[in-house]
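Enquirer: Heads up: the protein sequence lines correspond to chains L and G, in order.
When you read off a place in the first sequence, starting at 1, and then add 683, the result is the number in the numbering used here.
When you read off a place in the second sequence, starting at 1, and then add 683, the result is the number in the numbering used here.
There are 2 protein chains.
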Amino acid sequence: MTENTQRRSIGAKRNPASAEAILDAAENLLAERGLRGFTIEEVARRARAGKPTIYKWWSSKAALLLDVYQRQKTIAFQDTGNLEDDIVAFITAITIHWRDTPAGAVFRSVIAEAQSDEKAGQALRRFSDERLSETSFLILRGLERGEIKNGIFPKHAARWISSYLWFRLLTGDLDVSQQNLRRDVSVLLLGLRKDEK
Amino acid sequence: MTENTQRRSIGAKRNPASAEAILDAAENLLAERGLRGFTIEEVARRARAGKPTIYKWWSSKAALLLDVYQRQKTIAFQDTGNLEDDIVAFITAITIHWRDTPAGAVFRSVIAEAQSDEKAGQALRRFSDERLSETSFLILRGLERGEIKNGIFPKHAARWISSYLWFRLLTGDLDVSQQNLRRDVSVLLLGLRKDEK
Chain L
684 MTENTQRRSI
694 GAKRNPASAE
704 AILDAAENLL
714 AERGLRGFTI
724 EEVARRARAG
734 KPTIYKWWSS
744 KAALLLDVYQ
754 RQKTIAFQDT
764 GNLEDDIVAF
774 ITAITIHWRD
784 TPAGAVFRSV
794 IAEAQSDEKA
804 GQALRRFSDE
814 RLSETSFLIL
824 RGLERGEIKN
834 GIFPKHAARW
844 ISSYLWFRLL
854 TGDLDVSQQN
864 LRRDVSVLLL
874 GLRKDEK
Chain G
684 MTENTQRRSI
694 GAKRNPASAE
704 AILDAAENLL
714 AERGLRGFTI
724 EEVARRARAG
734 KPTIYKWWSS
744 KAALLLDVYQ
754 RQKTIAFQDT
764 GNLEDDIVAF
774 ITAITIHWRD
784 TPAGAVFRSV
794 IAEAQSDEKA
804 GQALRRFSDE
814 RLSETSFLIL
824 RGLERGEIKN
834 GIFPKHAARW
844 ISSYLWFRLL
854 TGDLDVSQQN
864 LRRDVSVLLL
874 GLRKDEK
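1. Run through chain G and tell me which residues come within less than 9 Å of L:Ala795, C-beta to C-beta.
2. Taking Cβ positions only, does G:Leu873 come closer than 7 Å to chain L?
3. In angstroms, rounded to a whole number, what distance separates the CA positions of G:Thr778 and L:Leu852?
4. In chain order, which continuous runs of the alpha helix (DSSP H) of length 4 or greater are located wholly inside the segment 725-760 of chain G?
5. Just to confirm, is the Cβ distance from L:Arg791 to G:Gln798 under 7 Å?
6. Of the residues that make up the segment 801-817 of chain G, which ones have a beta carbon closer than 7 Å to any beta carbon in chain L?
7. Tell me whether the segment 725-739 of chain G and the segment 764-782 of chain G touch, counting them as touching only if at least three CB pairs, one residue from each stretch, are closer than 8 Å.
8. Of the residues G:Glu827, G:Asp856 and G:Ala708, which one's Cα is nearest the Cα of L:Lys877?
9. Indicate whether at least one CB of chain G lies closer than 7 Å to the CB of L:Gly855.
10. Could you check where the alpha helix (DSSP H) with L:Glu817 kicks off and where it finishes?
11. Counting only C-beta atoms, is L:Ala841 closer than 7 Å to chain G at any point?
12. How is L:Ile774 classed by DSSP in three states: helix, strand or coil?
13. To the nearest whole angstrom, what separates the beta carbons of L:Ala803 and G:Ala795, a pair I think is in contact under 8 Å?
14. Using only the alpha-carbon positions, how far apart do L:Asp858 and G:Gly717 sit?
15. Tell whether a beta-carbon distance below 7 Å holds between L:Ala708 and L:Arg729.
16. Am I right that L:Leu821 and L:Phe760 are in contact with their C-beta atoms under 8 Å? What's the rounded C-beta distance?
17. Would you check if the distance between the CB atom of G:Val888 and the CB atom of G:Val771 is smaller than 7 Å?
18. Note down, in chain order, all residues in the segment 818-834 of chain L with a beta-carbon under 9 Å from any beta-carbon belonging to chain G.
19. Quickly, what does DSSP pair L:Arg791 with across the bridge? List them, please.
20. If I'm right that G:Ser846 touches L:Tyr847 with Cβ under 8 Å, what's the distance once you round it to whole angstroms?
21. Using a Cβ-Cβ cut-off of 7 Å, state whether G:Tyr847 counts as contacting chain L.
22. Counting only beta-carbon atoms, is G:Asp750 nearer than 7 Å to chain L?
23. Nearest chain G C-beta to L:Lys877 closer than 7 Å, yes or no?
24. Any beta carbon from chain L within less than 7 Å of G:Asp867's own beta carbon?
25. In terms of residues, what are the limits of the alpha helix (DSSP H) holding G:Leu844?
26. Would you grab the beta carbon distance between G:Ile723 and G:Leu864 for me? Rounded to a whole angstrom, and I think it's under 8 Å.
27. Just to make sure I have the definition right: I need the residues of chain L whose C-beta is within less than 7 Å of the C-beta of G:Arg791. Which are they?
28. Can you tell me which of L:Leu873, L:Leu807, L:Val793 and L:Ser811 puts its alpha carbon nearest to the alpha carbon of G:Lys832?
29. Spatial neighbours of G:Ala704 within its chain, please: C-beta separation below 6 Å, excluding the five flanking residues on both sides.
30. State the start and end residues of the unbroken alpha helix (DSSP H) segment that holds L:Gln862.
31. Note down the Cα distance separating G:Asp965 from G:Gly829, rounded to an integer number of angstroms.
32. Would you say G:Phe721 lies against chain L (beta-carbon separation less than 7 Å)?
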């Protein structure tokens, strides 16, 4: 691309619509060309933005991909009325989303990139920390219902759930039967240890 | 390298020492040149083996790296006399090994490679499945001691431990305080759910 195809922002003020335009362009590009065709250059061209503008708001391609990924993730924390079913529903929804849409490949690629690129690593850490806070909501709802032990830290509990999901994603093990999933979730709820008599 | 620097194996019989020689060469190369300098070509040259021989026994660079990684991992399943301390000791040993030796970077790189390379993915799946069987030993010992609930599947329990470790490795979060680790392990042992009165 050449410089004159870019629309220069007038002055230093950030155009509030620009970030949305960039995310729209990124989302469309990803849908059309896939991960291999996803470049900041092409996002910039489509959004009529300068690359420096994009890099001012997103530190790396991985950071931009994470925002697109999160934008497309429309997974609610279903309220089934009890903690066990809430967790099963959440894990089921994420594994299906990863398995049946390009989201799984996108997230895997970001995790991979984060292992050798420091900026991608920072973006992933920030992102996963935000997700832990979000997933904590499941635990907080269980606390409100009186289902959860005193002294449990919601974010620590959420980390077990995220870890479980990442391991399945990264080993390509997303066809989880409901029976196996319930067995795994019951370990998290009841623990490994035998109750003392 | 040129073909004539390779020592050709005589006939189709596999030289039993060759696999060891290749692993030795791979280990030395990794120590000397790091991940960036680690190539099958150079391993072949140093081991005086043909590349086809290496690829006959290891499907990919990732598979060879995993064998080298595992060979250097001298982590025993310490018998502390109880399950909680056994698990804490195991997680502590692995996180320190990953943090303080090149092993962490090697394993991260293999997981990353496995996200876009199918052969690396297969090697990682086989490897992690073997590790789950190995880590199950901790759970089996707890079962023998009568510490664990009936109906717990050792490999499923081990998967929670591996998942926890991978998540910490991949988010660069290996400085785990003993206090936080004990809190996390107690969730796995006691579960999230409040005991019914």
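All residues carry an ideal CB built from backbone N, CA and C; glycine is no exception.
Expert: With the given structure in hand:
1. Correct list: Ile794, Ala795, Glu796, Ala797, Gln798 and Ser799.
2. Yes, its Cβ sits closer than 7 Å to a Cβ of chain L.
3. Those two C-alpha atoms are separated by around 21 Å.
4. 734-740 and 744-755, all fully within the segment 725-760 of chain G.
5. With respect to the 7 Å criterion, L:Arg791 and G:Gln798 are classified as neighbours on the basis of their beta carbons.
6. Flagged, chain order: Gly804, Leu807, Arg808 and Ser811.
7. The segment 725-739 of chain G makes no contact with the segment 764-782 of chain G; the number of CB pairs closer than 8 Å stays below 3.
8. Across the set G:Glu827, G:Asp856 and G:Ala708, the C-alpha of G:Glu827 shows the shortest separation from the C-alpha of L:Lys877.
9. Yes, L:Gly855 counts as interfacial toward chain G.
10. Looking at the DSSP string, the run of the alpha helix (DSSP H) that includes L:Glu817 is Glu801 to Glu827.
11. By this cut-off, L:Ala841 is not an interface position.
12. DSSP places L:Ile774 in helix when its eight states are reduced to three.
13. At roughly 10 Å, the Cβ-Cβ gap does not stay under 8 Å, so L:Ala803 and G:Ala795 are not in contact.
14. Rounded to whole angstroms, L:Asp858 to G:Gly717 spans 36 Å at the Cα level.
15. A contact, by the Cβ cut-off of 7 Å.
16. Going by Cβ atoms, the distance from L:Leu821 to L:Phe760 rounds to 6 Å, so yes, they are a contact pair.
17. Any answer about residue 888 of chain G is impossible in this case: the structure gives chain G only from 684 up to 880.
18. Cβ contacts with chain G: Ile822, Gly825, Gly829, Glu830, Ile831, Lys832, Asn833 and Gly834.
19. DSSP output for L:Arg791 lists no bridge partner at all.
20. The C-beta distance from G:Ser846 to L:Tyr847 rounds to 5 Å, short enough to fall under 8 Å.
21. Taking 7 Å as the CB threshold, G:Tyr847 lines the interface with chain L.
22. Nearest CB-CB separation between G:Asp750 and chain L: not below the 7 Å threshold.
23. Chain G contact via Cβ: present.
24. Any Cβ of chain L closer than 7 Å to the Cβ of G:Asp867 would place that residue at the interface, and such an atom is present.
25. The sequence given here places Ile at residue 844 of chain G; Leu does not occur at that position. Start and end: Pro837 to Leu853.
26. The pair is not a contact, with the Cβ atoms about 38 Å apart (cut-off 8 Å).
27. Correct list: Gln798.
28. Selected option, being the one with the closest Cα: L:Leu873.
29. Correct list, in chain order: Ala730.
30. For L:Gln862, the enclosing alpha helix (DSSP H) covers residues Gln861 to Leu873.
31. Residue 965 of chain G lies beyond the stretch modelled for chain G, which goes from 684 to 880, so this question has no answer here.
32. With 7 Å as the cut-off, G:Phe721 does not count as an interface residue toward chain L.
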